[in-house]
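Residue numbers (this note's numbering): 326 to 531.
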């Protein structure tokens with residue numbers, strides 16, 4: 326499918342689903358999730374205060390992200406297409422060039438709503454806030470699927486009259502992948518949702 330051809334709305338949906346399932350580290354299980362994002366992960370660090378006082382900070386993760394099933398992701402997409410966009414009956418139609426970019430943008434909105442980034446880094450006693458989150462800037466990121474997020478903002482209405490028109494514009498799967506990835510990268514770079522880690526802490530003198 327590298328050459329250009331007529332593309333259906335379902336073809337684009339499958340590209341999006343494949344992206345989600347290939348990139349989200351909590352898809353099916355947590356085997357690909359770094360250990361420091363898994364429930365009950367614990368680590369202790371020592372920090373000296375002056376010449377004679379050393380405190381040990383032990384932190385234990387308490388809000389691990391859960392694994393999501395393939396059925397959950399597929400059902401979320403089904404609800405988005407049938408209930409939110411209300412175009413379920415048109416999914417096998419070929420994409421008309423006047424609706425192509427709008428539909429691709431709506432797929433990006435689905436991803437922006439459903440995907441989030443967990444961040445983590447080493448931190449010290451002074452980085453811990455009262456609510457159990459960590460104030461230090463984080464650098465290690467993991468993309469995850471968030472099934473509980475269901476509010477879709479900035480959707481672009483699709484003209485169903487145009488959907489029913491005969492499509493004559495040819496696309497390639499590679500072309501769609503590149504354009505969709507560009508939209509996702511823009512979202513990740515500018516509006517990404519960050520999922521805060523929360524910890525239990527103990528501080529003892531050592």
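For each residue, glycine too, the CB sits at the ideal point set by N, CA and C.
Take every Cβ of the region 371-378, pair it with every Cβ of the region 391-408, and state whether three or more of those distances are shorter than 8 Å.
no
Is there contact here, the region 500-510 with the region 422-435, by at least three beta-carbon pairs under 8 Å?
By the Cβ test, the region 500-510 is in contact with the region 422-435, since at least three Cβ pairs between them sit closer than 8 Å.
Suppose you measure from the CA of residue 474 to the CA of residue 404; what does that come to, to the nearest Å?
Your numbering for residue 474 matches position 149 in the chain shown. Your numbering for residue 404 matches position 79 in the chain shown. C-alpha of residue 474 to C-alpha of residue 404: approximately 13 Å in a straight line.
Excluding the 5 residues flanking residue 342 on each side, which residues of the same chain have their C-beta closer than 8 Å to its C-beta?
Reading the chain shown from its first residue, position 17 is the one you call residue 342. If we look at residue 342 and ignore the five residues flanking it on each side, its Cβ neighbours are 398, 399, 402.
So the beta strand (DSSP E) residue 369 belongs to, where does it begin and stop?
For this step, residue 369 is matched to residue 44 along the chain shown. Where residue 369 is concerned, the enclosing beta strand (DSSP E) stretches over 367-374.
At which residue ranges does the region 342-428 contain complete beta strand (DSSP E) runs of 3 or more residues, listed in the order of the chain?
367-374, 378-386
If you count every other CB in all the chains shown that lies within 10 Å of the CB of residue 407, and 16 or more means buried, which is it?
As a working note, residue 407 is residue 82 in the chain shown. Answer is exposed; the Cβ neighbour count stays below 16.
Go ahead and pull the three-state DSSP assignment for residue 468.
As a working note, residue 468 is residue 143 in the chain shown. Correct three-state label for residue 468: strand.
Should residue 450 go down as buried or exposed, given a rule of 16 or more other Cβ atoms within 10 Å for buried?
Against the chain shown, residue 450 aligns to sequence position 125. Since pLDDT at residue 450 reaches only 45, below the 50 mark, its modelled position is unreliable, and no value is offered.
Under 8 Å by Cβ, that's how I've got residue 483 and residue 330 pegged, so tell me the actual separation to the nearest angstrom.
Translated into positions along the chain shown, residue 483 becomes position 158. Translated into positions along the chain shown, residue 330 becomes position 5. That belief does not hold up - the Cβ atoms of residue 483 and residue 330 are roughly 21 Å apart, past 8 Å.
Can you tell me whether residue 530 is helix, strand or coil according to DSSP?
What you label residue 530 is simply residue 205 of the chain shown in a count that begins at 1. Three-state result, residue 530: strand.
Can you list, in chain order, the residues of its chain with a C-beta nearer than 8 Å to that of residue 436? Leave out the 5 residues immediately preceding and following it.
Taking the chain shown and counting its residues from 1, one reaches residue 436 at position 111. If we look at residue 436 and ignore the five residues flanking it on each side, its Cβ neighbours are 341, 344, 345, 509, 512.
Is residue 443 helix, strand or coil when you go by DSSP?
Here residue 443 refers to the residue found at position 118 of the chain shown. Residue state, collapsed to three classes: strand.
What three-state label does DSSP hand residue 437 in the structure shown?
Taking the first residue of the chain shown as position 1, residue 437 is located at position 112. If DSSP states are grouped into helix, strand and coil, residue 437 belongs with the helices.
Have a look at 525, 506, 362, 489 and flag the residue whose alpha-carbon is nearest the alpha-carbon of residue 414.
The residue you call residue 414 lines up with position 89 of the chain shown. Answer by Cα proximity: 489.
If you run the structure through DSSP and keep just helix, strand and coil, what is residue 462?
Numbered from its first residue, the chain shown carries residue 462 at position 137. Annotation note: pLDDT 44 at residue 462 (below 50); position unreliable, coordinate value reported separately. DSSP, reduced to helix, strand and coil, places residue 462 outside both helices and strands of the structure shown, so it counts as coil.
In whole angstroms, what is the alpha-carbon distance linking residue 487 and residue 410?
Translated into positions along the chain shown, residue 487 becomes position 162. Translated into positions along the chain shown, residue 410 becomes position 85. Residue 487 and residue 410: Cα-Cα distance of roughly 15 Å.
Go ahead and label residue 369 buried or exposed: buried means 16 or more other beta carbons lie within 10 angstroms of its beta carbon, across all protein chains shown.
Within the chain shown, numbered from 1, the residue matching residue 369 stands at position 44. Residue 369 should be labelled exposed.
From the DSSP output, read off the bridge partner residues of residue 525.
As a working note, residue 525 is residue 200 in the chain shown. DSSP, once it has assigned bridges, lists 385 as partnering residue 525.
What is the DSSP secondary structure of residue 496, counted as helix, strand or coil?
Here residue 496 corresponds to residue number 171 of the chain shown, with the count starting at 1. Three-state result, residue 496: strand.
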